[in-house]
Amino acid sequence: MINLDKQKLPRHIAVIMDGNGRWAKMHTIGRILGHKKGAEAVRTTVRTCREIGIKYLTLFAFSVENWSRPSEEIDALMSLLEEYLDKETNELNKQGIRLRTIGNIGSLYKTVRDKLDNSIKMTAGNEGMILNLALSYGARDEIIEGVKKITQEAQQGKIRPEDITKEKFGNYLYTKAMPDPDLLIRTSGEYRISNFLLWQMAYTEFYFTDVLWPDFGKKELLKAIAEYQNRERRFGLTSEQLQKNISANAKI
Ligand code: IPE
Ligand code: IPE
Ligand code: MG
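Position 97 of the sequence shown, counting from 1, maps to 104 under the working numbering, and the rest follow consecutively.
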């Protein structure tokens with residue numbers, strides 16, 4: 008049994024759900040069935056995060072680069088997403104989970120967009136956890152879009168270039184009003200971030216596991232969080248400074 012420290016939970020967990028294709032190959036079935044199994048792992052992770060009290064969960068479900076995959080695979084991924092929304096929206100409501108998306112949502116199929124809009128509307132009043140799906144997401148596109156918006160506003164005189172700060176720039180990104188991820192999990196033994204949340208992960212703790220996404224269950228998730236809780240997040244300070252801050256706060 009893995010015991011977690013409730014006081015030290017990551018507020019925001021981001022996950023690169025990788026390895027569905029290799030899982031399928033290992034089981035000598037088609038890639039699409041691997042994605043289907045991956046969708047089950049999504050359900051488990053969402054439920055578990057809500058149970059433990061995580062406030063934000065961002066799942067990388069489809070990248071801008073994934074549009075270059077075979078069209079049958081893209082179609083299957085989109086159908087699985089529609090199926091997930093059809094089946095899970097009630098469940099999200101029951102669990103108090105609010106759905107959000109980040110990415111170039113306009114590039115998704117209309118049928119998918121409609122279902123997303125509907126689920127977002129249906130879950131808008133929930134405050135237990137935000138489930139944030141990254142769809143057609145690319146971090147460099149996100150940053151460029153933000154730069155374009157902010158320069159337009161500067162040209163219109165709405166913002167002065169000298170007033171642009173890190174905090175303000177964050178409001179021009181898809182993730183505005185969300186805290187940065189505290190913990191990033193990537194499954195399947197790949198050690199890269201594949202154009203995911205480049206701006207937001209400046210100080211995120213990274214956890215990599217060889218487990219393939221369809222096999223990533225509750226135990227694996229708790230293991231990742233437990234490891235996160237053992238890390239010392241220094242944000243550029245020395246360990247001694249941190250200890251001093253902790254004891255100073257304890258006195259207040
Ligand atoms: C992750 O699994 C799902 C998506 C990227 C949509 P993959 O499909 O990338 O699985 P591998 O990397 O081929 O094993
Ligand atoms: C990253 O996985 C994207 C998602 C999990 C949706 P990929 O399998 O596409 O990543 P790379 O291309 O191998 O880095
Ligand atoms: Mg992959």
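Beta carbons are placed, not taken as given, at the ideal position from N, Cα and C, and that holds for glycine.
Quick caveat: nothing in here was measured; it's all calculated off a predicted structure.
- If you check the CB distance, I20 and R193 do not come in under 9 Å.
- Taking a 10 Å sphere around the C-beta of Q207, we find 16 or more other C-beta atoms and assign the residue as buried.
- Its Cα nearest to that of Y63, the residue I109 stands out among V71, I109 and G41.
- Less than 9 Å divides the Cβ of I59 from the Cβ of I232.
- Taking C-beta separations shorter than 6 Å and ignoring five residues to either side along the sequence, R199 has no partners in its chain.
- If you draw a straight line from the Cα of E134 to the Cα of F69, it comes to about 25 Å.
- By the neighbour-count definition (other C-beta atoms within 10 Å, threshold 16), F67 is a buried residue.
- For the pair of segments examined, the region 123-134 was found not to touch the region 164-179: the number of CB pairs separated by less than 8 Å stays below three.
- A residue is called buried once 16 or more other Cβ atoms fall within 10 Å of its Cβ, and E197, having fewer, is exposed.
- For M33, the distance from the CB to the nearest heavy atom of ligand 2 is not below 8 Å.
- The beta carbons of L228 and T65 sit about 14 Å from each other, so the pair does not count as a contact at 8 Å.
- With distances taken between CA atoms, G26 lies nearest to W220 out of W220, V154, A46 and K251.
- Taking 3 residues as the shortest admissible run, the region 111-164 contains the following complete beta strand (DSSP E) segments, listed from N- to C-terminal end: 136-144.
- In this structure L205 is in contact with I150, their Cβ atoms being roughly 7 Å apart against a cut-off of 8 Å.
- The region 82-101 and the region 43-51 touch, with no fewer than 3 CB-CB distances between them shorter than 8 Å.
- Around the beta carbon of F203, 16 or more other beta carbons lie within 10 angstroms, which makes this residue buried.
- Residue range H19 to I23 is occupied by the beta strand (DSSP E) that includes H19, with no alpha helix (DSSP H) assigned at that position.
- The same chain holds no residue with a CB closer than 6 Å to that of K173 once the five nearest residues on each side in sequence are set aside.
- In summary, N139 is buried, with 16 or more beta-carbon neighbours lying within 10 Å of its beta-carbon over all protein chains present.
- Sorting S75, L142, M85 and T245 by C-alpha distance to the C-alpha of L106 places L142 at the top.
- Counting C-beta atoms within 10 angstroms of its own C-beta, A257 has fewer than 16 neighbours from the protein chains shown and is therefore classed as exposed.
- In chain order, D187, R240 and F242 place their CB closer than 8 Å to the CB of Y210, counting only its own chain and leaving out the 5 sequence neighbours on each side.
- In this structure I112 is not in contact with L99, their Cβ atoms being roughly 18 Å apart against a cut-off of 8 Å.
- Only buried fits R38, as 16 or more other CB atoms lie within 10 angstroms of its CB.
- By the neighbour-count definition (other C-beta atoms within 10 Å, threshold 16), V218 is a buried residue.
- Residue environment: G41 is assigned as buried (16 or more neighbouring CB atoms within 10 Å of its CB, all protein chains considered).
- The C-alpha of L191 is placed about 18 Å away from the C-alpha of G45.
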